[in-house]
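**Student:**
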Amino acid sequence: MAIPKAALSSPAHKALPGTASLANLLPTGTVFAFQAVIPSLSNNGKCEMAHKFMTLAVIILCSLACFLSSFTDSFVGYDGKLYYGIATPNGLKIFNDDRDDGLDLEKNLEMKEELEKYKLTAIDFVHAFGSLTLFLVMACSSFDVQGCFFPEVGPNGDALMTNLPLLAGLLASGLFMLFPTRRRGIGYADHKRDDGNRKEEKETTPKKADNKASG
């Protein structure tokens, strides 16, 4: 007896809420790019050998993007410009420092001390491996990826694919709460940092001190 198509796809639909919760913990651009291209590259889950290679390549590239994005950071400079960089043991290495504008951040002594505060930490590796694991769970929970690599997983596999995203999201949320990070790297929507206001604080503090002295 033929099994209805709706019954086959129901585990994937049940996994959608869990997959959506995982997407909130991952870089937005990487998740959107994966969800946009994977139906076409996987032929909607009906893969030939070429589709499998292309799907696997996209999963690997997006996994690397999620992993490396945990080491990126951003801040608003004294010139009001948003700068991006990657954390190193010595500090933040800037990507978009236009040296023709006369402001070389890495040679500016004041900014060099500021960039050293963004150096690599152990928490960065916790978030990097956590993001990598979350993306792989989200990718394997995709109906297109399941149809391409796991076409006949059976009832136990369906139960695993349905509940694994929810469990992974809960564990990751708890892990990220225990080990929070202030980094706002490439792919994350919130870039509001206190660094851009530090110059104003330094300028207003002497004025307040002068007012108190005169009072």
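For the sequence shown, the numbering used here gives the first residue as 68, with consecutive numbering after it.
All C-beta atoms in this analysis are idealised placements derived from N, C-alpha and C, irrespective of residue type, glycine included.
(1) The beta strand (DSSP E) spanning residue 142 covers which residue range?
(2) Use the C-beta contact count for residue 249: other C-beta atoms within 10 angstroms, 16 or more gives buried, fewer gives exposed.
(3) So, helix, strand or coil for residue 188, using DSSP?
(4) By the 10 Å Cβ neighbour count, where 16 or more other Cβ atoms means buried, how is residue 206 classified, buried or exposed?
(5) If you draw a straight line from the alpha carbon of residue 96 to that of residue 154, how long is it in whole angstroms?
(6) Can you pull the DSSP bridge partners for residue 148?
(7) Would you tell me roughly how many angstroms separate the C-alpha atoms of residue 149 and residue 94, rounded to the nearest one?
(8) For residue 136, count neighbouring C-beta atoms within 10 Å of its own C-beta (all shown protein chains included) and say buried if the count is 16 or more, exposed if not.
(9) Between the C-alpha atoms of residue 169 and residue 245, what's the straight-line distance to the nearest angstrom?
(10) Applying the criterion that 16 or more other CB atoms from any shown protein chain within 10 Å of the CB defines a buried residue, is residue 241 buried or exposed?
(11) May I have the straight-line CA-CA distance separating residue 141 from residue 223, to the nearest angstrom?
(12) Exposed or buried, residue 120, counting other C-beta atoms within 10 Å across all chains shown (16 or more means buried)?
(13) Below 8 Å CB to CB, which residues in the same chain sit around residue 111 once its five sequence neighbours on both sides are set aside?
(14) Do three or more CB pairs link the stretch 196 to 203 to the stretch 232 to 239 at distances below 8 Å?
(15) According to DSSP, residue 126 sits in a beta bridge with which residue or residues?
(16) Of all the options 226, 160, 208, 232, which has the alpha carbon lying nearest to the alpha carbon of residue 252?
(17) At a Cβ threshold of 8 Å, is residue 123 touching chain C?
(18) Under a Cβ-count criterion, where at least 16 other Cβ atoms within 10 Å of its own Cβ denotes burial, should residue 147 be classed as buried or exposed?
(19) Compute the beta-carbon to beta-carbon distance between residue 100 and residue 129, rounded to the nearest angstrom, for a pair I have assumed lies under 8 Å.
**Tutor:** For this structure:
(1) 139 to 143
(2) exposed
(3) coil
(4) buried
(5) 20 Å
(6) In DSSP, residue 148 forms no bridge with anything.
(7) 18 Å
(8) By the 10 Å Cβ count, residue 136 comes out buried.
(9) Low confidence applies here, because residue 169 scores a pLDDT of 49, under 50, leaving its location unreliable; read the following figure in that light. Across the structure, residue 169 and residue 245 are spaced so that their CA atoms are roughly 42 Å apart.
(10) By the neighbour-count definition (other C-beta atoms within 10 Å, threshold 16), residue 241 is an exposed residue.
(11) 43 Å
(12) exposed
(13) For residue 111, where only same-chain residues beyond five positions count, the Cβ hits under 8 Å are 211, 214.
(14) Verdict: yes, contact present.
(15) Residue pairing for residue 126: DSSP places it in no beta bridge.
(16) 160
(17) Of the protein chains in the structure, only one exists, and it is not chain C.
(18) exposed
(19) 7 Å
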